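Asker: Residue numbers for the sequence shown follow this note's numbering, so the first one is 143 and each next one is one higher.
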Amino acid sequence: MEFEIKPQKKLSLGLNELWEYRELFYFFTLRDIKVKYKQTVLGFLWAVLQPLIMALLFSFFLGKAIANYTELPLPYATFALSGLVLWGIFSSGINNAGNSMVSNANIIKKIYFPRLIIPISAVLVGVFDFFMAFTVFIIYCLFNHVPFTWIGLLYFPLAVLLTCIATFGVGCYLAALNVKFRDVRYIIPFLVQFLLFVTPVIYPTNITQNIYLKGLLALNPMSAPLDIFRAGITNGMINWQTDLISIASSIVIFIIGLVYFKKTEAYFADLA
Numbered sequence: 143m144e145f146e147i148k149p150q151k152k153l154s155l156g157l158n159e160l161w162e163y164r165e166l167f168y169f170f171t172l173r174d175i176k177v178k179y180k181q182t183v184l185g186f187l188w189a190v191l192q193p194l195i196m197a198l199l200f201s202f203f204l205g206k207a208i209a210n211y212t213e214l215p216l217p218y219a220t221f222a223l224s225g226l227v228l229w230g231i232f233s234s235g236i237n238n239a240g241n242s243m244v245s246n247a248n249i250i251k252k253i254y255f256p257r258l259i260i261p262i263s264a265v266l267v268g269v270f271d272f273f274m275a276f277t278v279f280i281i282y283c284l285f286n287h288v289p290f291t292w293i294g295l296l297y298f299p300l301a302v303l304l305t306c307i308a309t310f311g312v313g314c315y316l317a318a319l320n321v322k323f324r325d326v327r328y329i330i331p332f333l334v335q336f337l338l339f340v341t342p343v344i345y346p347t348n349i350t351q352n353i354y355l356k357g358l359l360a361l362n363p364m365s366a367p368l369d370i371f372r373a374g375i376t377n378g379m380i381n382w383q384t385d386l387i388s389i390a391s392s393i394v395i396f397i398i399g400l401v402y403f404k405k406t407e408a409y410f411a412d413l414a
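#1: Give me the Cα-Cα distance between L319 and V288, rounded to the nearest whole angstrom.
#2: Are there three or more Cβ pairs, one per stretch, closer than 8 angstroms when the region 215-227 is compared with the region 279-296?
#3: Thinking C-alpha only, which one of K252, D271, V244 is nearest A178?
#4: Taking only three categories from DSSP, how would you classify G311?
#5: Taking one C-beta from the region 183-191 and one from the region 163-171 each time, how about it: are there three or more such pairs within less than 8 angstroms?
#6: Applying the criterion that 16 or more other CB atoms from any shown protein chain within 10 Å of the CB defines a buried residue, is V394 buried or exposed?
#7: Given 8 angstroms as the limit, is there contact between the region 303-315 and the region 341-355, that is, 3 or more CB pairs closer than that?
#8: Is it the case that the Cβ atoms of T171 and V267 are separated by a distance below 8 angstroms?
#9: Based on Cα-Cα distance, which residue from F396, V343, N381, Q383 lies nearest to S201?
#10: With 16 other CB atoms within 10 Å as the buried threshold, where does K404 fall?
#11: Tell me the residue span of the alpha helix (DSSP H) that contains Y179.
#12: At 4 residues or longer, and completely inside the region 291-345: list those alpha helix (DSSP H) runs for me, N to C.
#13: For a test of the three-state rule: what should DSSP assign to L266, helix, strand or coil?
#14: Using the C-alpha atoms, what's the distance from G235 back to A189?
#15: Please determine if the region 352-362 and the region 235-253 are in contact, where contact requires at least 3 C-beta pairs separated by less than 8 angstroms.
#16: Whole-angstrom Cβ separation of I375 and G294, contact assumed at under 8 angstroms?
#17: Tell me whether A207 is buried or exposed, calling it buried when 16 or more other Cβ atoms sit within 10 Å of its Cβ.
#18: Alpha carbon to alpha carbon, what distance is there between L204 and K246?
#19: With a Cβ-Cβ cutoff of 8 angstroms, do P367 and T277 count as a contact?
#20: Please classify M243: is it buried, with 16 or more other beta-carbons within 10 angstroms of its beta-carbon, or exposed?
#21: Taking the Cβ atom as the reference point for each residue, do N381 and D369 lie within a distance shorter than 8 angstroms?
#22: Please work out which residues of its chain come closer than 6 angstroms, Cβ to Cβ, to E159, disregarding the five sequence neighbours upstream and downstream, and give them in chain order.
#23: For T350, name the three-state secondary structure that DSSP assigns.
Below, the structure is given as C-alpha cells:
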C-alpha cells in the first residue's frame, strides 16, 4: 500500500483543521478565563470595574479640558466609558495573544493541533470580558436615558467584529515575534498604553483639525470600530470616508499578522 504525501499549501489557513479541533477553542478560552480570575475576591466583576474606574479617572483629570476644547455627542463620562469598554477587547487581546505561545510552550511541544487556536482563544477571553462590561454599559445608558435605535444597535456587532480583526492581526504578529524575541513580553504593556493615547478612545476623532494628525487617526485600525460603536449610542452619522481607511488598515494588519504567524509556526515547538 502506497501513501502519497502532499506538501501543505503555502500560507494555508487550515480551516478544515480548525473546524476539526474546534473543541479546543472552548477548552483554551475557558481555561484562560478561569486562570485569569482564580483566587480573586471580585472575580468577573473586574471585567466591569476596570473600564469604570478608568472612565472615572479620565473624567476627573481630562473631562472638563476635553469638553471645553471640542464638542462631544455625550457627557464625557459616558463618552470615555463607551471607548474603554470596546478598547478592552483590543488591550486584553493583545496582552493575552502576545504571550499565548510562550505560556503554552509545554503543550505545543507535546501534541499537535492548529497553532492558530491559541491566539484566537486568547482574544476570545477579551471578548468575554467585553460582554460582561457591555451588559453593564447598556444598563448604565438606559439609566441615563441614552437614546437607542434599532439601526444603531446593529452597529455594535460590526464594531466588535472590526475590533477582533485588528486585535487578532496584532496579537498573532506579537505572539510569533515573542517566541523568537522574549523581550517582546516586556514591550507589550508599554505598547498597549501608548496605543491607548494615540487612539480616539478617550477623545473624539475631531479633536484636531491638523490634516496630518487626522490622517494618522484615519490609519489607526481602532478608529473605525470606536466611531461605529459610538454611533450606536448617539444615533450619529458615521464618517465612512475616514472609517473605510481605518477598516482597510485593520484588514492589512490582520493579513500581515496572519501571514507572519503561519510562516513562523513551524519553528514554534523548537523555540517555545
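C-beta: ideal position from N, C-alpha, C; glycine also.
Here the structure is a predicted model, which means the values were calculated and not measured.
Answerer: Looking at the atomic coordinates:
#1: Near 43 angstroms, if we compare the C-alpha coordinates of V288 and L319.
#2: They touch, by the three-pair rule.
#3: Per the sequence shown, residue 178 should be read as Lys rather than Ala. Comparing Cα positions, the closest option is D271.
#4: Three-state DSSP puts G311 in a helix.
#5: Three or more Cβ pairs closer than 8 angstroms define a contact, and the region 183-191 falls short of that threshold against the region 163-171.
#6: Burial call: exposed.
#7: In this structure the region 303-315 does not touch the region 341-355; the number of beta carbon pairs closer than 8 angstroms is below three.
#8: Yes, they are a contact pair.
#9: Minimum Cα distance to S201 is reached at V343.
#10: By the neighbour-count definition (other C-beta atoms within 10 Å, threshold 16), K404 is a buried residue.
#11: From DSSP, Y179 is part of no alpha helix (DSSP H); its letter is neither H nor E.
#12: Entirely contained in the region 291-345, the alpha helix (DSSP H) runs reaching 4 residues are, in chain order, 292-322, 326-339.
#13: Three-state DSSP puts L266 in a helix.
#14: Linking A189 to G235 through their CA atoms gives a straight-line distance of about 13 angstroms.
#15: The region 352-362 is not in contact with the region 235-253.
#16: Going by Cβ atoms, the distance from I375 to G294 rounds to 7 angstroms, so yes, they are a contact pair.
#17: Under this definition A207 is an exposed residue.
#18: Residue identity check: residue 246 is Asn in the sequence provided, not Lys. N246 and L204 have their C-alpha atoms some 40 angstroms from each other.
#19: Note that the C-beta distance between P367 and T277 is not below 8 angstroms.
#20: Buried: at least 16 other Cβ atoms inside 10 Å.
#21: In this structure, D369 lies closer than 8 angstroms to N381 by Cβ.
#22: Correct list, in chain order: P256.
#23: In the structure shown, T350 sits in coil (DSSP, three-state: anything other than H, G, I, E or B).
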